[in-house]
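These notes concern the structure reproduced below.
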Amino acid sequence: MTEAPPKVLPRLDESLLTHLPPFAALSGRQIRDILDQATSRRYRAGVAVFEEGMPAERFYMLLDGYIRVNRMSATGDQVTLHYIPSGEMFGIARAFRLESYPATAMTAVDGIGLSWPMGFWDGFVAQYEGLGVETFRTVGHRLSEKNDRIIELTSQQVQQRVANALLRLINQTGRKVEGGIVIDFPITRRDISEMTATTLHTVSRLLSKWEKDGVLESVRRQIKVRDPHLLTELANPEA
DNA sequence: ACATTAATTATGT
DNA sequence: ACATAATTAATGT
52 MTEAPPKVLP
62 RLDESLLTHL
72 PPFAALSGRQ
82 IRDILDQATS
92 RRYRAGVAVF
102 EEGMPAERFY
112 MLLDGYIRVN
122 RMSATGDQVT
132 LHYIPSGEMF
142 GIARAFRLES
152 YPATAMTAVD
162 GIGLSWPMGF
172 WDGFVAQYEG
182 LGVETFRTVG
192 HRLSEKNDRI
202 IELTSQQVQQ
212 RVANALLRLI
222 NQTGRKVEGG
232 IVIDFPITRR
242 DISEMTATTL
252 HTVSRLLSKW
262 EKDGVLESVR
272 RQIKVRDPHL
282 LTELANPEA
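Sequential numbering of the first sequence, starting at 52, is according to my numbering.
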């Protein structure tokens, strides 16, 4: 479900973008121009920013929150592909000459995003040095991560895949707290099972076991990794 | 070494 | 109360 009314926030400060890699190389004036053309919008947790197959009308910069990217499988199940942290661009279909969004973008938590009409994309990358370069960087990074996961899926057992998925989550979206690192947004056993090509039951069993072993703590969509090193060992097929 | 099925128990609105 | 999450055991491939 897509949310209807775009609420424009009162004031868009340039400091919103200056420290973000895609805009870091730009002058204050350039950032001002970009911001003046942007629409800012708050999103509640659990809503779709855009959906798979919809005409790709806008592209986005996530200022706060996390985006969960899903795609529909052939059997009709939603599959979680990955999470996007704040500070990254998403929905940049135009960069790949796509007419429609290849996946659904759901908010994992309350968040704030900027967006621009997709028609601005080509002009932006032509006009603003570094935007295209940084986009290549993030896309390349995501691709190499995908490659890693293909290797995992074809060569590793379930425990290792789940352990690797958790490691990625805490590395990319982890927040340090007393006694460990928590995944910064609510995540279910089902979400993890979708990312690792297994069932929620197997994930549940693994997490229960690891909780007993002191690797992590987990209550209700919240996971705290207490011992990342142990998890790293579990992720490596040693024997 | 896993999935599936089903029953049961939390937990959040 | 009702829906969603999570656990656990039993059974199957």
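Just so it is clear, CB atoms sit at the ideal spot from N, CA and C, and this is done for glycine as well.
Review point. What number of angstroms, rounded off, separates the C-alpha of N198 from the C-alpha of L204?
Key: When the Cα atoms are used, N198 and L204 turn out to be separated by approximately 10 Å.
Practice item. Could you tell me the boundaries of the beta strand (DSSP E) in which Q273 lies? Key: Under the DSSP assignment, Q273 falls in the beta strand (DSSP E) whose first and last residues are 273 to 276.
Practice item. Check each candidate in A144, N121, N215 and name the one with the smallest Cα separation from I202. Key: Ranked by Cα distance from I202, the first of A144, N121, N215 is N215.
Exercise for review: Specify whether the segment 218 to 228 and the segment 249 to 265 touch according to this definition: at least 3 beta carbon pairs, one from each stretch, less than 8 Å apart.
Suggested key: Three or more Cβ pairs closer than 8 Å define a contact, and the segment 218 to 228 falls short of that threshold against the segment 249 to 265.
Practice item. Compare the beta carbon distance of A339 and L63 with 8 Å and say whether it is the shorter of the two. Key: What is shown of the chain runs 52 to 290, which leaves residue 339 out entirely.
Exercise for review: Please name the residue in R256, V100, V233 whose C-alpha comes closest to that of R109.
Suggested key: Measuring from the Cα of R109, the nearest candidate turns out to be V100.
Check your understanding: Looking at C-alpha atoms only, which residue of A156, G142, R272, G162 is the closest neighbour of D115?
Key -> Nearest of A156, G142, R272, G162 to D115, Cα basis: G162.
Exercise for review: State the start and end residues of the unbroken beta strand (DSSP E) segment that holds L77.
Suggested key: Neither: L77 is in no beta strand (DSSP E) and is coded neither H nor E.
Check your understanding: Under the three-state reduction of DSSP, which class applies to H70: helix, strand or coil?
Key -> H70 falls in the coil class under three-state DSSP.
Check your understanding: For the beta strand (DSSP E) that F101 lies in, which residues bound it at each end?
Key -> Taken as a continuous stretch (DSSP letters only), the beta strand (DSSP E) holding F101 covers 99 to 101.
Review point. Do E102 and Y134 have their C-beta atoms within less than 8 Å of each other?
Key: In this structure, E102 keeps its C-beta atom at 8 Å or more from the C-beta atom of Y134.
Practice item. Less than 8 Å between the CB atoms is what I'm expecting for E185 and P288, so what's the real figure, rounded? Key: The beta carbons of E185 and P288 sit about 35 Å from each other, so the pair does not count as a contact at 8 Å.
Point to revise | Buried or exposed (CB count within 10 angstroms, at least 16 for buried), A144 | key: Taking every protein chain shown into account, the CB of A144 has 16 or more other CB atoms within 10 angstroms, so this residue is buried.
**Study point:** Under 8 Å between C-beta atoms of Y111 and G142
**Key:** The Cβ atoms of Y111 and G142 lie closer than 8 Å to each other.
Point to revise | Span of the beta strand (DSSP E), counted from its first residue to its last, around S269 | key: For S269, the enclosing beta strand (DSSP E) begins and ends at 267 to 270.
Exercise for review: Could you spell out where the beta strand (DSSP E) holding L165 opens and where it closes?
Suggested key: Per DSSP, the continuous beta strand (DSSP E) segment holding L165 begins and ends at 162 to 168.
Check your understanding: Does the pairing of the segment 232 to 248 with the segment 274 to 286 give three or more beta-carbon distances under 8 Å?
Key -> Yes, the segment 232 to 248 is in contact with the segment 274 to 286.
Practice item. Return helix, strand or coil for M52, following the three-state DSSP convention. Key: With a pLDDT of 47 at M52, under the threshold of 50, the modelled position of that residue is not reliable, and the figure given next carries that caveat. In the three-state DSSP reduction, M52 falls in the coil class, being neither helix nor strand.
Point to revise | Proximity below 8 Å, CB of L182 to CB of V176 | key: A contact, by the Cβ cut-off of 8 Å.
Exercise for review: Over the uninterrupted beta strand (DSSP E) stretch that includes G231, give me the two end residues.
Suggested key: Residues 231 to 234.
Check your understanding: Hey, quick one: how far does the alpha helix (DSSP H) through G174 stretch, first residue to last?
Key -> Where G174 is concerned, the enclosing alpha helix (DSSP H) stretches over 172 to 178.
Check your understanding: alpha helix (DSSP H) containing G183: first to last residue?
Key -> Its alpha helix (DSSP H) spans residues 182 to 206.
Practice item. Report all residues from its chain with a CB closer than 8 Å to the CB of R83; omit the five preceding and five following residues, and keep chain order. Key: Taken in chain order, the residues that qualify are E65.
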